[in-house]
């Protein structure tokens, strides 16, 4: 399963035209696995530079640590759906939201391939209280339930958006359901007791 995550990240970075180089600050020890049972989301191996900010009830949020110019990443999970989830329409709605916000700008979108199926990004900027904030939204289907999974990464607009997109792709490659990870642990435990 880890190979699949690394392959996804490599393909996503290549698709965005982002180099694999990272600054020395990103070589911080990787935090432990994070699970949010309320969202049924687990981050198998939280990549640098993300640091857990909040994991309570339906709130799962990370920062990039180290000051006021931090990035903020939040996970949102929609309700179970019995009708088709149209990811393209989600991107169109986000584009409209960017364009209708005073001072808002829409920069475009991309289609991604993830371990759980297709995903779409929408990137834009909005006026925040501390200046222009750039946002990347990723829309995909939850790894184990038919629900919309949204990742929203906000950071100061002066930051390098290509580097931020690479960070977002790296954590997206680590997303799995809590149920899937519990099954993996059970399989690993069974294999170790059989041997």
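Numbering (our numbering), first residue to last: 28 to 222.
Don't be surprised by glycine CBs; every beta carbon is placed ideally from N, CA and C.
Given the structure is predicted, the values throughout are model-derived calculations rather than measurements.
Burial state of residue i, where buried means 16 or more other Cβ atoms lie within 10 Å
{"i": "residue 194", "result": "buried"}
{"i": "residue 115", "result": "exposed"}
{"i": "residue 121", "result": "buried"}
{"i": "residue 150", "result": "buried"}
{"i": "residue 113", "result": "exposed"}
{"i": "residue 64", "result": "exposed"}
{"i": "residue 123", "result": "exposed"}
{"i": "residue 181", "result": "buried"}
{"i": "residue 98", "result": "buried"}
{"i": "residue 139", "result": "buried"}
{"i": "residue 107", "result": "exposed"}
{"i": "residue 111", "result": "exposed"}
For residue j and residue i, the rounded distance between their alpha carbons
{"i": "residue 104", "j": "residue 172", "result": "10 Å"}
{"i": "residue 84", "j": "residue 117", "result": "24 Å"}
{"i": "residue 135", "j": "residue 163", "result": "10 Å"}
{"i": "residue 154", "j": "residue 185", "result": "13 Å"}
{"i": "residue 62", "j": "residue 146", "result": "21 Å"}
{"i": "residue 133", "j": "residue 156", "result": "19 Å"}
{"i": "residue 109", "j": "residue 177", "result": "18 Å"}
{"i": "residue 70", "j": "residue 90", "result": "14 Å"}
{"i": "residue 205", "j": "residue 125", "result": "32 Å"}
{"i": "residue 68", "j": "residue 60", "result": "11 Å"}
{"i": "residue 75", "j": "residue 131", "result": "29 Å"}
{"i": "residue 100", "j": "residue 159", "result": "17 Å"}
Bridge-paired residues (DSSP) for residue i
{"i": "residue 75", "result": "In DSSP, residue 75 forms no bridge with anything."}
{"i": "residue 81", "result": "88"}
{"i": "residue 193", "result": "The partner list for residue 193 (beta bridge, DSSP) is empty, contrary to what the question assumes."}
{"i": "residue 166", "result": "147 and 177"}
Candidates the options: closest to residue i by CA position
{"i": "residue 201", "options": "190, 142, 154 and 189", "result": "142"}
{"i": "residue 137", "options": "148, 188, 154 and 78", "result": "148"}
{"i": "residue 191", "options": "165, 121 and 170", "result": "165"}
{"i": "residue 73", "options": "115, 118, 184 and 88", "result": "88"}
{"i": "residue 167", "options": "196, 158, 181 and 152", "result": "196"}
{"i": "residue 152", "options": "109, 169, 108 and 128", "result": "128"}
{"i": "residue 66", "options": "198, 188, 169 and 179", "result": "169"}
{"i": "residue 175", "options": "102, 183 and 189", "result": "102"}
{"i": "residue 144", "options": "199, 78 and 79", "result": "199"}
DSSP-derived helix/strand/coil call for residue i
{"i": "residue 112", "result": "coil"}
{"i": "residue 121", "result": "helix"}
{"i": "residue 59", "result": "coil"}
{"i": "residue 131", "result": "coil"}
{"i": "residue 126", "result": "helix"}
{"i": "residue 181", "result": "strand"}
{"i": "residue 137", "result": "strand"}
{"i": "residue 146", "result": "strand"}
Contact test: residue i Cβ vs the ligand SAM heavy atom, cutoff 6 Å
{"i": "residue 136", "result": "Inclusion of the ligand SAM in the displayed structure is not the case, the ligand content being empty and no account of it being possible."}
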